[in-house]
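Below: the structure, in C-alpha cells.
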Amino acid sequence: DLRVADEMIRRFERLYWLSSEQFYELYNQGLLDNGEHLLDFSQWAGFCKLRQRRLEAFNRLSREQVTRWHMSGEPIHLERREPVIEPVPA
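See below:
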C-alpha cells in the first residue's frame with residue numbers, strides 16, 4: 002500500500018536524517034555501514050522499491066483514467082474515492 006510505504010519511509014528518514022532518495026542511491030552503491038543497521042536498511046530499501054512500483058501503477062491508472070475521460074467527450078467530474086490498485090508482480 003502506498004500510504005504504508007510513505008509512512009515507513011518517513012519513519013526511516015526521521016530516524017537517520019537522510020532523504021530516501023539519497024539513502025537509496027547510497028544503498029544501491031553498497032556505500033552504507035558495516036552491517037550494523039542491515040535490517041533497517043533492508044526494510045527501508047524495500048519500502049522505497051514498493052513505493053516506486055506503487056507510484057508507477059498509480060500514474061498508469063491515472064493516465065488511463067484521463068484518456069477515458071477525454072474519449073467520452075463528457076465533462077470531467079472528480080470523485081473522492083480510493084482507486085483499486087492491482088498487486089504488482091514481484
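If you want the working numbering, it's the position in the sequence shown, counting the first as 1, plus 1.
Glycine included, C-beta positions come from ideal geometry on N, C-alpha and C.
Backbone CA spacing between residue i and residue j [nearest angstrom]
| i | j | result |
| --- | --- | --- |
| Leu3 | Leu62 | 14 Å |
| Gln97 | His71 | Since the first residue shown for the chain is 2 and the last is 91, residue 97 is missing from the structure and cannot be characterised. |
| Arg15 | Glu57 | 25 Å |
| Arg55 | Ser73 | 27 Å |
| Pro76 | Thr68 | 13 Å |
| Glu80 | Gln66 | 12 Å |
| Gln39 | His78 | In the sequence as displayed, the identity of residue 39 is Leu instead of Gln. Computed Cα separation, rounded: 47 Å. |
| Gly36 | Arg64 | 41 Å |
| Tyr17 | Leu51 | 20 Å |
Own chain partners of residue i with C-beta closer than 7 Å, once the 5 adjacent residues on each side are dropped
| i | result |
| --- | --- |
| Met9 | Phe48 |
| Tyr28 | Phe42, Ala46 |
| Arg11 | none |
| Ser20 | Glu14 |
| Tyr25 | Ala46, Cys49 |
Spatial neighbours of residue i in its chain, beta-carbon cut-off 6 Å, leaving aside the 5 residues before and after
| i | result |
| --- | --- |
| Leu32 | none |
Extent of the continuous alpha helix (DSSP H) to which residue i belongs
| i | result |
| --- | --- |
| Gly47 | 39-73 |
| Gln23 | 21-29 |
| Glu14 | 3-17 |
Presumed contact (8 Å Cβ cut-off) between residue i and residue j, rounded CB distance
| i | j | result |
| --- | --- | --- |
| Phe13 | Asp34 | Their Cβ separation, rounded to whole angstroms, is 14 Å, which puts Phe13 and Asp34 out of contact at 8 Å. |
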